[in-house]
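Q: Residue numbers (UniProt numbering): 1 to 409.
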Amino acid sequence: MIGLLREFRGFDYRVRILLVNQLGIYLGFFMLLPYLSLYLSEQLGLAGWAVGLVLGVRNFFQQGMFLLGGTITDRFGYRLPVILGCLLRTAGFALLGVVTTLPTLIPAAMITGLAGALFTPAVRVGLAMEAGERRIEAFAISNVVFRIGGLAGPLLGVALLSVSFRVACLSAAAVFAALSLLQIRALPKREVPPREGRIREDIRTAAGNRRLLAFAAAMTGAYLLSFQIYLALPDQARTVAGADSDVLVTVLFLIESALALTCQLRVTAWCRRVLGPTRTLPAGMALLAVALLPPALPTGLLGHALAWVPLLLSSALLSLGTLMVFPFEMDTIATMAQDRLVATHYGLYNTIVGIGILAGNLFTGSVLSWAQGAGVPALPWLGLSTIGGICAIALYRQRPRTARDVEPV
Numbered sequence: 001m002i003g004l005l006r007e008f009r010g011f012d013y014r015v016r017i018l019l020v021n022q023l024g025i026y027l028g029f030f031m032l033l034p035y036l037s038l039y040l041s042e043q044l045g046l047a048g049w050a051v052g053l054v055l056g057v058r059n060f061f062q063q064g065m066f067l068l069g070g071t072i073t074d075r076f077g078y079r080l081p082v083i084l085g086c087l088l089r090t091a092g093f094a095l096l097g098v099v100t101t102l103p104t105l106i107p108a109a110m111i112t113g114l115a116g117a118l119f120t121p122a123v124r125v126g127l128a129m130e131a132g133e134r135r136i137e138a139f140a141i142s143n144v145v146f147r148i149g150g151l152a153g154p155l156l157g158v159a160l161l162s163v164s165f166r167v168a169c170l171s172a173a174a175v176f177a178a179l180s181l182l183q184i185r186a187l188p189k190r191e192v193p194p195r196e197g198r199i200r201e202d203i204r205t206a207a208g209n210r211r212l213l214a215f216a217a218a219m220t221g222a223y224l225l226s227f228q229i230y231l232a233l234p235d236q237a238r239t240v241a242g243a244d245s246d247v248l249v250t251v252l253f254l255i256e257s258a259l260a261l262t263c264q265l266r267v268t269a270w271c272r273r274v275l276g277p278t279r280t281l282p283a284g285m286a287l288l289a290v291a292l293l294p295p296a297l298p299t300g301l302l303g304h305a306l307a308w309v310p311l312l313l314s315s316a317l318l319s320l321g322t323l324m325v326f327p328f329e330m331d332t333i334a335t336m337a338q339d340r341l342v343a344t345h346y347g348l349y350n351t352i353v354g355i356g357i358l359a360g361n362l363f364t365g366s367v368l369s370w371a372q373g374a375g376v377p378a379l380p381w382l383g384l385s386t387i388g389g390i391c392a393i394a395l396y397r398q399r400p401r402t403a404r405d406v407e408p409v
């Protein structure tokens, strides 16, 4: 923790402001989202495919609409989309607290996701721009901040859920409302040179980057696998924990967040020193693939006392895989953009990933429901792990062939 604070204080004040803002964003987010799938399935009684659809729509409008957020950021700077995104997230979370049917949940999920599409690429570009040569370290701390929110948010969320899901939603909305006001006052204003040409030309430039397209296709697997902490793991938690599923889901998120809080900077430093940026990505993807194998074990094999162990191990391995991948993933995109239209490159990248996650989560939710009834509960886990293995091979093949590694520019 001392090293984290020392690293944080070593950054320019603009980087520190962006990181503090991220803490508030993630805190409000994790107060609610970890429990959304349980609420949709248990309290609202939605089928597995419908739960997957709602979660996938939210994720698509965040990941998939990053292209919109990216182009806005390139033209107006990062301050405006960060503020607008937080205002939209306020409205989306408030709406989730008052609607109960699938046709009304879909718009709420869309608004919530669109908010993230605005502020997430803006913050990433802000960090890449303001941190300069230290952007890998800035992204590493960003992931720690993400996990701090993931550690404190679920604790607040489970306490609020003891009252009602509506109270949890409105409380999370209040966090974003307060954050919006704070950011209007605190985020620095910067002059952005006017851009010539149309947005369509910016998108065409990014879309012509074949390395970026291949990288996005391979990295879709990492997002699909890591997203199962919100979908497949909570679903399995209901099977193995029953009435204690809320407690188990909370523990899963606490494990993931605690590892990030204590290990992120060390993992990043070790990967940079031993593996290098481009070898870290396939290694991290392979670890994500392995992480989804423990839940494939038959639930009766370990007995009641150890029934939680596969999910706990899966959560820990998913966290370590993400710790390896995230800082180098973000830096790789900025490097591929060659510091030109960086936000649009981030946006296109996440649009591709978002489409993959939407399709993957819809399919995964359907397969989870079918596999339980068909008596093959291990099939979804084995399938997801296979996807991760294929993507790890793809990332390995994409690495530079003429040098041990490519250092960030």
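We put the CB at the ideal spot given by N, CA and C, even for glycine.
Per DSSP, what kind of secondary structure is Arg397 in: helix, strand or coil?
A: Here residue 397 refers to the residue found at position 397 of the sequence shown. If DSSP states are grouped into helix, strand and coil, Arg397 belongs with the helices.
Q: Would you give the residue range spanned by the alpha helix (DSSP H) that Ile229 belongs to?
A: Position 229 of the sequence shown, counted from the first residue, corresponds to residue 229. Careful: Ile229 lies outside any alpha helix (DSSP H) and carries neither H nor E.
Q: For Pro154 and Val51, what's the separation of their Cα atoms in angstroms?
A: Working through the sequence shown from its first residue, we reach residue 154 at position 154. Working through the sequence shown from its first residue, we reach residue 51 at position 51. So the alpha carbons of these two residues sit roughly 20 Å apart.
Q: Using beta-carbon positions only, say whether Ala289 and Ile387 come within less than 9 Å of one another.
A: Here residue 289 corresponds to residue number 289 of the sequence shown, with the count starting at 1. Here residue 387 corresponds to residue number 387 of the sequence shown, with the count starting at 1. Closer than 9 Å, so yes.
Q: Can you find the residues in the same chain that come closer than 8 Å, C-beta to C-beta, to Ala207, ignoring five residues on each side of it along the sequence?
A: Taking the first residue of the sequence shown as 1, we reach residue 207 at position 207. Around Ala207: Leu213 and Leu348.
Q: How long is the line joining the alpha carbons of Phe66 and Tyr346, rounded to whole angstroms?
A: Position 66 of the sequence shown holds residue 66. Position 346 of the sequence shown holds residue 346. Phe66 and Tyr346: Cα-Cα distance of roughly 7 Å.
Q: Report the residue ranges of all alpha helix (DSSP H) runs contained in full by the region 47-103; include only those spanning at least 4 residues, in chain order.
A: For the region 47-103, whole alpha helix (DSSP H) runs of length 4 or above, ordered along the chain, are 48-59, 66-76 and 79-96.
Q: If you draw a straight line from the alpha carbon of Leu224 to that of Pro380, how long is it in whole angstroms?
A: Translated into positions along the sequence shown, residue 224 becomes position 224. Translated into positions along the sequence shown, residue 380 becomes position 380. Computed Cα separation, rounded: 12 Å.
Q: Please return the same chain residues whose Cβ sits closer than 8 Å to the Cβ of Ile17, not counting the five positions on each side in sequence.
A: Position 17 of the sequence shown, counted from the start, is the residue given in the question as residue 17. Ala186, Leu187 and Pro188, listed in sequence order.
Q: Within a Cβ cutoff of 6 Å, which residues of the same chain sit near Arg399, ignoring the five residues on either side of it in sequence?
A: For the purposes of this step, residue 399 is identified with residue 399 of the sequence shown, where counting begins at 1. So the qualifying residues of the chain are Thr278.
Q: Apart from the five residues on each side of it in sequence, which residues of its chain come closer than 7 Å, Cβ to Cβ, to Ala172?
A: Taking the sequence shown and counting its residues from 1, the one referred to as residue 172 is at position 172. Gly28, Met31, Leu32 and Phe93.
Q: Are the beta-carbon atoms belonging to Ala117 and Leu87 less than 9 Å from one another?
A: On the sequence shown, position 117 is the one that residue 117 refers to. On the sequence shown, position 87 is the one that residue 87 refers to. Their beta carbons are not under 9 Å apart, which means Ala117 does not touch Leu87 by this criterion.
Q: Would you report the Cα separation of Ala237 and Ser245, rounded to the nearest angstrom?
A: Taking the sequence shown and counting its residues from 1, one reaches residue 237 at position 237. Taking the sequence shown and counting its residues from 1, one reaches residue 245 at position 245. One C-alpha to the other measures close to 5 Å.
Q: Keeping to the same chain, check which residues put their C-beta closer than 6 Å to that of Thr268; ignore five residues upstream and five downstream.
A: Taking the first residue of the sequence shown as position 1, residue 268 is located at position 268. Ala140 and Pro327.
Q: Would you check if the region 147-166 and the region 249-258 touch, i.e. whether three or more CB-CB distances between them fall below 8 Å?
A: Yes, the region 249-258 touches the region 147-166.
Q: So what does DSSP say about Gly45, is it helix, strand or coil?
A: Your numbering for residue 45 matches position 45 in the sequence shown. Correct three-state label for Gly45: coil.
Q: My assumption, with CB atoms under 8 Å, is that Ala122 sits in contact with Gly69. Please give the rounded CB distance.
A: By one-based count along the sequence shown, residue 122 stands at place 122. By one-based count along the sequence shown, residue 69 stands at place 69. Their Cβ separation, rounded to whole angstroms, is 6 Å, which keeps Ala122 and Gly69 in contact under 8 Å.
Q: Any idea if Leu181 is buried or exposed, counting beta-carbon neighbours within 10 angstroms, 16 or more meaning buried?
A: Your numbering for residue 181 matches position 181 in the sequence shown. Flag for Leu181 reads exposed.
Q: Tell me whether Ile184 is buried or exposed, calling it buried when 16 or more other Cβ atoms sit within 10 Å of its Cβ.
A: Walking along the sequence shown from the start, residue 184 turns up at place 184. Exposed, because fewer than 16 other Cβ atoms sit within 10 Å of the Cβ of Ile184.
Q: If we ignore side chains and look at the alpha-carbon of each, how far apart do Gly284 and Phe215 end up?
A: Here residue 284 refers to the residue found at position 284 of the sequence shown. Here residue 215 refers to the residue found at position 215 of the sequence shown. Gly284 and Phe215: Cα-Cα distance of roughly 14 Å.
Q: Counting only the same chain and skipping the five closest in sequence on each side, list residues whose C-beta sits under 8 Å from that of Ile106.
A: As a first step, residue 106 is located in the sequence shown; it is residue number 106 there, counting from the start. Excluding sequence neighbours, Ile106 sits near Leu53, Val54 and Val57.
Q: Exposed or buried, what is Pro34 when buried is set at 16 or more other beta-carbons lying within 10 Å of its beta-carbon?
A: The residue given as residue 34 occupies position 34 in the sequence shown. With 16 or more other Cβ atoms within 10 Å, it is buried.
Q: For the alpha helix (DSSP H) containing Asn143, name the first residue and the last one.
A: Taking the first residue of the sequence shown as 1, we reach residue 143 at position 143. Segment Arg135 to Leu161, the alpha helix (DSSP H) holding Asn143.
Q: Report the three-state DSSP secondary structure of Met31 (helix, strand or coil).
A: Here residue 31 corresponds to residue number 31 of the sequence shown, with the count starting at 1. Three-state result, Met31: coil.
Q: Compare the beta carbon distance of Thr220 and Cys391 with 9 Å and say whether it is the shorter of the two.
A: By one-based count along the sequence shown, residue 220 stands at place 220. By one-based count along the sequence shown, residue 391 stands at place 391. Yes. Within cutoff.
Q: I'd like the span of the alpha helix (DSSP H) that includes Arg166, first residue to last.
A: On the sequence shown, residue 166 is found 166 positions in, with the first residue counted as 1. Counting along the chain, the alpha helix (DSSP H) containing Arg166 begins and ends at Phe165 to Ala186.
Q: Rounded to whole angstroms, what is the Cα-Cα separation between Ser315 and Arg210?
A: For the purposes of this step, residue 315 is identified with residue 315 of the sequence shown, where counting begins at 1. For the purposes of this step, residue 210 is identified with residue 210 of the sequence shown, where counting begins at 1. Cα to Cα, the separation comes out at about 33 Å.
Q: Taking only three categories from DSSP, how would you classify Val376?
A: Along the sequence shown, read from residue 1 onward, the residue named residue 376 stands at position 376. Coil.
Q: Taking Cβ to Cβ, would you say Leu320 is nearer than 9 Å to Leu287?
A: Along the sequence shown, one-based indexing puts residue 320 at 320. Along the sequence shown, one-based indexing puts residue 287 at 287. Closer than 9 Å, so yes.
Q: Helix, strand or coil for Leu23, going by three-state DSSP, please let me know.
A: Counted from its first residue, the sequence shown places residue 23 at position 23. Note: Leu23 maps to helix in three-state DSSP.
Q: Ignore the nearest five residues each way along the sequence and tell me which others in Arg404's own chain have a CB closer than 7 Å to its CB.
A: Within the sequence shown, the letter at position 404 stands for residue 404. In this predicted model, Arg404 has a pLDDT of only 43, less than 50, meaning its place in the structure is not dependable enough to derive any value.
Q: Note the first and the last residue of the continuous alpha helix (DSSP H) segment covering Trp270.
A: Within the sequence shown, the letter at position 270 stands for residue 270. Trp270 -> alpha helix (DSSP H) spans Ser245 to Trp270.
Q: Report the option in Glu137, Gln264, Ala109 and Phe76 whose CA atom is closest to the CA atom of Ile199.
A: The residue labelled residue 199 in the question sits at position 199 within the sequence shown. With distances taken between Cα atoms, Ile199 lies closest to Phe76.
Q: At the level of alpha carbons, what is the spacing between Val249 and Glu201?
A: Locating residue 249 in the sequence shown gives position 249, counting from the first residue. Locating residue 201 in the sequence shown gives position 201, counting from the first residue. Using only the alpha carbons, I get a separation of about 45 Å.
Q: Count the other CB atoms within 10 Å of the CB of Gln63; is the residue buried (16 or more) or exposed (fewer)?
A: Here residue 63 is taken as the residue at index 63 of the sequence shown, counted from 1. Gln63 should be labelled buried.
Q: Buried or exposed for Tyr78, please, with buried defined as at least 16 other CB atoms from any protein chain shown within 10 angstroms of its CB.
A: Translated into positions along the sequence shown, residue 78 becomes position 78. Buried, because 16 or more other Cβ atoms sit within 10 Å of the Cβ of Tyr78.
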